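A.B. asks: Following this message is one structure expressed as structure tokens.
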Amino acid sequence: MRAARVALTVLLGLGLAGYSAWLLEFFMQTGVSLTEQPVWDLFYAQPVFSVATGLGGLAFFFTGPALMRLAPARWSGRLTSVSVSAFGIMLMVYAWVPETVVTPNLLSAAVAVGALSLVFWWPPGWRACAVGCLVAVLVAWALVVVSTLAGHLEGVFTRVQLVVHAVQVVIGGAYVVQTPVPVSGRKLSVAGAMLRSTRHRK
């Protein structure tokens with residue numbers, strides 16, 4: 001189980017690194033407007049963006065099965081795992097074959113579903129973080145839609161949206177790192193993990 005947690009942490013880190021490749025635009029000439037052009041236009045500017053983002057999607061795809069080992073064996077935990085893998089698949093397709101049915105809205109929907117699923121199985125305290133992530137994801141998504149329809153500041157809000165998504169991944173990684181490792185090769189339930197954590201503090 002420790003190996004599964006290490007693998008999950010590494011995969012989340014790789015996925016986050018690939019998904020954050022757009023930050024390279026601050027260090028290289030792309031010709032893409034930071035304020036008016038959506039961040040996804042970077043795929044057409046330099047191949048490094050599509051390659052790195054696609055590899056990040058591949059890491060997220062493998063994160064799903066790894067998460068199955070640590071998430072609770074019920075629908076909410078499974079939904080988290082499936083949404084992460086689905087996000088990875090869509091990110092790969094969108095990065096490497098931009099002219100497809102996959103759109104930024106589908107990517108946003110996958111992230112929102114993942115955030116929602118955490119609300120149902122994360123323990124109190126962490127659940128508040130999950131609710132905050134869900135609200136931030138939905139607000140960022142709404143701002144992107146509004147800016148797209150208005151034809152103004154789309155570049156700003158698509159980049160803000162990616163920052164919000166990255167923060168959600170970081171919070172998820174923090175939860176994985178701090179969760180007690182089950183003994184005897186069995187997963188702890190959420191209640192069991194909370195009880196064990198309480199005992200350690202005494």
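Here full-length UniProt numbering is used: the first residue of the sequence shown is 1, the next is one more, and so on.
Quick reminder that beta carbons are idealized off the backbone N, C-alpha and C, glycines included.
A quick note: this is a predicted structure, and the numbers were derived from the prediction, not measured.
1) By Cβ distance, which residues of its chain are closer than 7 angstroms to A17, with the 5 residues on each side in sequence left out?
2) Using the C-alpha atoms, what's the distance from L138 back to Q175?
3) What residue range does the alpha helix (DSSP H) around S85 cover?
4) If the criterion is Cβ atoms closer than 7 angstroms, does the pair M28 and L58 meet it?
5) Within the same chain, show all residues whose beta-carbon is closer than 6 angstroms to that of R159, passing over the 5 residues directly before and after it, in chain order.
6) Between the beta-carbon of G77 and the beta-carbon of A71, is there less than 7 angstroms?
7) Can you tell me where the alpha helix (DSSP H) with A71 in it begins and where it stops?
8) Less than 6 angstroms separating the Cβ of C129 from some heavy atom of the ligand COA?
9) By the 10 Å Cβ neighbour count, where 16 or more other Cβ atoms means buried, how is T53 classified, buried or exposed?
10) If you draw a straight line from the alpha carbon of Y19 to that of R127, how long is it in whole angstroms?
11) So is F26 buried or exposed if we call it buried at 16+ other beta carbons inside 10 Å?
12) Distance, Cα to Cα, V167 vs A109?
C.D. replies: This is what the structure gives:
1) Reading the sequence shown from its first residue, position 17 is the one you call residue 17. Same-chain partners within the cutoff: G56.
2) The count along the sequence shown starts at 1 and reaches residue 175 at position 175. The count along the sequence shown starts at 1 and reaches residue 138 at position 138. According to the sequence displayed, residue 175 carries Tyr and not Gln. Distance between the alpha carbons of Y175 and L138 is about 21 angstroms.
3) Against the sequence shown, residue 85 aligns to sequence position 85. Element bounds for S85: 75–96.
4) Taking the first residue of the sequence shown as 1, we reach residue 28 at position 28. Taking the first residue of the sequence shown as 1, we reach residue 58 at position 58. Cβ atoms of M28 and L58: not closer than 7 angstroms.
5) Stepping through the sequence shown from its first residue, residue 159 is reached at position 159. Result list for R159: V39, in chain order.
6) The residue you call residue 77 lines up with position 77 of the sequence shown. The residue you call residue 71 lines up with position 71 of the sequence shown. Yes, these two residues count as a Cβ contact at 7 angstroms.
7) For the purposes of this step, residue 71 is taken as the residue at position 71 of the sequence shown. Neither: A71 is in no alpha helix (DSSP H) and is coded neither H nor E.
8) The ligand COA is not part of the structure shown, which contains no ligands of any sort.
9) In the sequence shown, the residue the question calls residue 53 occupies position 53. Per the 10 Å Cβ criterion, buried.
10) Your numbering for residue 19 matches position 19 in the sequence shown. Your numbering for residue 127 matches position 127 in the sequence shown. Each residue's Cα considered, the two are about 24 angstroms apart.
11) Position 26 of the sequence shown, counted from the start, is the residue given in the question as residue 26. Classification for F26: exposed.
12) Here the question's residue 167 lines up with position 167 in the sequence shown. Here the question's residue 109 lines up with position 109 in the sequence shown. Each residue's alpha carbon lies about 16 angstroms from the other.
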